[in-house]
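Structure first, commentary second.
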Ligand code: ATP
Ligand code: MG
Ligand code: MG
Ligand code: MG
């Protein structure tokens, strides 16, 4: 992307409506634009981040054995009447009438719909287990949309749904998602801690929220320092094998949201290790048994010939929220510091003197070698403006080309996160970035 032609509307002023760093930076770096309360358009650089986050989520879901589908955003009210949630859901649900006066809604989640779809296919226990997921826009008419994409009304979610014959099978499906989530967030450079979460009226303890610590988070959490010090396993585990050692490891230390906080258990944690902090919920996994399969009439023939209602779970990740959460976790005074895996571009090429034959030639070569993972700042702007914009935009690398360096075939490479600089040949600079 050449900045002289790009649609990358960076702002010098801090937008008054933005209360937290990620929101401010997303607007200033030209990643999104609000079109109405809690609803955002994604601009080119922001969309690249969103897509990268989405792709990491997709790859880890696939590895864990989930299969991607795509369900619609608009759903018929009947399904929600069958589960009893049409009235329960309240004002967060955006209700719509079509031209025939039929009640429709913009999906806030998809348990009913996926159960209904699966019902059309699953006949016997041999059709189990299955895990289906999709990555689709949701709408929740939040009372207080705020903090930019972190609490939007329209937002992008990955939601997976597992179907199992038995409770034990469902627990295995749950653990598959638990482990996949650890890997997913780690790949984005995030430390997301699984914390015991409220299961609502269904009870049981099979619900975890994945939470990253951040002062601006909306949840109060209590966690043992040990969990913050652990690294997530680097390799893909055998998802068909026994995953309980991994899950037990992560659940054997104290970590709970406010709703699940237990003072007696907390008191057992050594005082020096008690971290009570704010956190951002980036994912949530949930086992709920036959809560939807039973009322919606999903049943399969069991091995003994008798009908069985599959045991289900659902597993959400806030993909658009993650873009804000990553920035909350990784920024400084000057701007965003993108982790390599989700950066909109790996590098910014800064031509300090457009029109200088040497600078232009070297920059073009760099750009050709790094495209499409580079933005080329070829604008007629002062060097200071280019440095500021590059720091604000947060590309992991900045390749700076001035007349003196260009004459010697040298590029100054700066690492955004550390500020380290090195003078390198074009080849070495490209190799370092890639
Ligand atoms: P919250 O507690 O933040 O309202 P939730 O518990 O209502 O979230 P879930 O139903 O668990 O949300 O949805 C799965 C995931 O979707 C959440 O973990 C979160 O990452 C994301 N999410 C939920 N609501 C929003 C929103 N309004 N804007 C952006 N992402 C959201
Ligand atoms: Mg909510
Ligand atoms: Mg929540
Ligand atoms: Mg939740």
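Numbering (our numbering), first residue to last: -1 to 432.
Where a beta carbon is used, it is the ideal one built from N, C-alpha and C, also for glycine.
**Message:** Can you tell me whether residue 310 sits near ligand 1, meaning its C-beta is under 7 angstroms from at least one heavy atom of the ligand?
**Reply:** Between ligand 1 and the CB of residue 310, the shortest heavy atom gap is not smaller than 7 angstroms.
**Prompt:** Just to confirm, are residue 207 and residue 193 a CB contact at a threshold of 8 angstroms?
**Reply:** Taking 8 angstroms as the Cβ cut-off, residue 207 and residue 193 qualify as a contacting pair.
**Request:** State yes or no: is the C-beta of residue 172 within less than 8 angstroms of the C-beta of residue 311?
**Result:** Against a cut-off of 8 angstroms, the Cβ pair of residue 311 and residue 172 comes out as a contact.
**Item:** Spatial distance of residue 296 from residue 248 (CA atoms)
**Value:** Residue 296 and residue 248 have their alpha carbons spaced roughly 33 angstroms apart.
**Request:** Please check the pair residue 318 and residue 145, which I expect to be a contact at CB under 8 angstroms, by giving their CB distance rounded to whole angstroms.
**Result:** With a beta-carbon spacing of about 12 angstroms, residue 318 and residue 145 fall beyond the 8 angstroms limit used to define contacts.
**Asked** Just checking, does the region 334 to 349 make contact with the region 360 to 373 on the three C-beta pairs under 8 angstroms criterion?
**Response** As far as the Cβ criterion goes, the region 334 to 349 touches the region 360 to 373, which means the pair count is three or higher.
**Asked** Can you tell me where the beta strand (DSSP E) with residue 441 in it begins and where it stops?
**Response** There is simply no residue 441 to check, as the chain begins at -1 and stops at 432 in what is shown.
**Asked** Going by Cα to Cα distance, which pick from 334, 402, 182, 403 is closest to residue 413?
**Response** For residue 413, the closest C-alpha among the options 334, 402, 182, 403 is that of 334.
**Item:** Spatial neighbours of residue 55 in its chain, beta-carbon cut-off 8 angstroms, leaving aside the 5 residues before and after
**Value:** Close CB contacts of residue 55 within its chain, under the 8 angstroms cut and outside five residues either way in sequence, are with 133, 156, 182, 315, 317 (chain order).
**Message:** Please identify the residue among 45, 237, 398, 191 whose C-alpha is closest to the C-alpha of residue 250.
**Reply:** Taking only the C-alpha atoms, the option nearest residue 250 is 191.
**Prompt:** Quick one, are the C-beta atoms of residue 427 and residue 397 less than 8 angstroms apart?
**Reply:** Less than 8 angstroms divides the Cβ of residue 427 from the Cβ of residue 397.
**Message:** Helix, strand or coil, according to DSSP, for residue 230 in the structure here?
**Reply:** The answer is coil: DSSP assigns residue 230 none of H, G, I, E or B.
**Asked** Residue range of the beta strand (DSSP E) that residue 38 falls in?
**Response** Where residue 38 is concerned, the enclosing beta strand (DSSP E) stretches over 37 to 40.
**Message:** Quick check: the Cα distance between residue 271 and residue 9, rounded to an integer number of angstroms?
**Reply:** Roughly 42 angstroms between the two C-alpha positions.
**Asked** So, helix, strand or coil for residue 248, using DSSP?
**Response** Annotated three-state conformation of residue 248 is helix, per DSSP.
**Item:** Proximal residues to residue 35 (C-beta, below 8 angstroms), its chain only, five neighbours per side dropped
**Value:** Beyond the five residues adjoining it in sequence on each side, residue 35 comes within less than 8 angstroms, by CB distance, of 143, 151 in the same chain, given in chain order.
**Request:** In angstroms with no decimal places, state the Cα-to-Cα distance between residue 62 and residue 158.
**Result:** Residue 62 and residue 158 have their C-alpha atoms spaced approximately 11 angstroms apart.
**Prompt:** At what residue ranges does the region 320 to 394 contain a whole run of the alpha helix (DSSP H), taking only runs of 4 or more?
**Reply:** Taken in chain order, the whole alpha helix (DSSP H) runs of length 4 or more contained in the region 320 to 394 are 355 to 368, 381 to 391.
**Asked** Does the Cβ of residue 52 lie closer than 7 angstroms to at least one heavy atom of ligand 3?
**Response** No.
**Request:** Can you tell me the Cβ-Cβ gap for residue 127 and residue 160, rounded? I've got them flagged as a contact below 8 angstroms.
**Result:** Yes, they are in contact, since the Cβ atoms of residue 127 and residue 160 sit about 7 angstroms apart, within 8 angstroms.
**Message:** Tell me which residues share the same chain as residue 287 and place their Cβ nearer than 6 angstroms to its Cβ, disregarding the 5 neighbours each side in the sequence.
**Reply:** Same-chain partners within the cutoff: 309.
**Residue burial classification, residue 228 (beta-carbon count within 10 angstroms, cutoff 16)** = By the 10 Å Cβ count, residue 228 comes out exposed.
**Asked** Sorted by chain position, which residues of the same chain lie with C-beta nearer than 7 angstroms to residue 14's C-beta, five sequence neighbours on each side aside?
**Response** The answer is none, since no qualifying residue turns up.
**Prompt:** Which partner residues does residue 81 have in the DSSP bridge list?
**Reply:** In DSSP, residue 81 forms no bridge with anything.
**Request:** Spell out a yes or no on whether the region 103 to 112 and the region 40 to 52 are touching, meaning 3 or more CB-CB pairs, one atom from each, closer than 8 angstroms.
**Result:** Short answer: they don't touch.
**Request:** Go ahead and label residue 210 buried or exposed: buried means 16 or more other beta carbons lie within 10 angstroms of its beta carbon, across all protein chains shown.
**Result:** Residue 210 comes out buried.
**Prompt:** Quick one: is residue 417 buried, meaning 16 or more other Cβ sit within 10 Å of its Cβ, or exposed?
**Reply:** Taking a 10 Å sphere around the C-beta of residue 417, we find fewer than 16 other C-beta atoms and assign the residue as exposed.
**Prompt:** With DSSP run on the structure shown, which of helix, strand or coil describes residue 292?
**Reply:** Correct three-state label for residue 292: coil.
**Asked** Nearest CA to the CA of residue 83: which residue from 383, 340, 293, 223?
**Response** For residue 83, the closest C-alpha among the options 383, 340, 293, 223 is that of 293.
**Message:** Please identify the residue among 384, 241, 290, 411 whose C-alpha is closest to the C-alpha of residue 117.
**Reply:** Closest by alpha carbon: 290.
**Message:** Here's the rule: buried if 16 or more other CB atoms are within 10 angstroms of the residue's CB, otherwise exposed. What is residue 256?
**Reply:** By the Cβ neighbour-count rule, residue 256 is exposed, with fewer than 16 other Cβ atoms within 10 Å of its own.
**Prompt:** Are the Cβ atoms of residue 279 and residue 205 separated by less than 8 angstroms?
**Reply:** It is not a contact, given that the beta carbons lie outside the stated cut-off.
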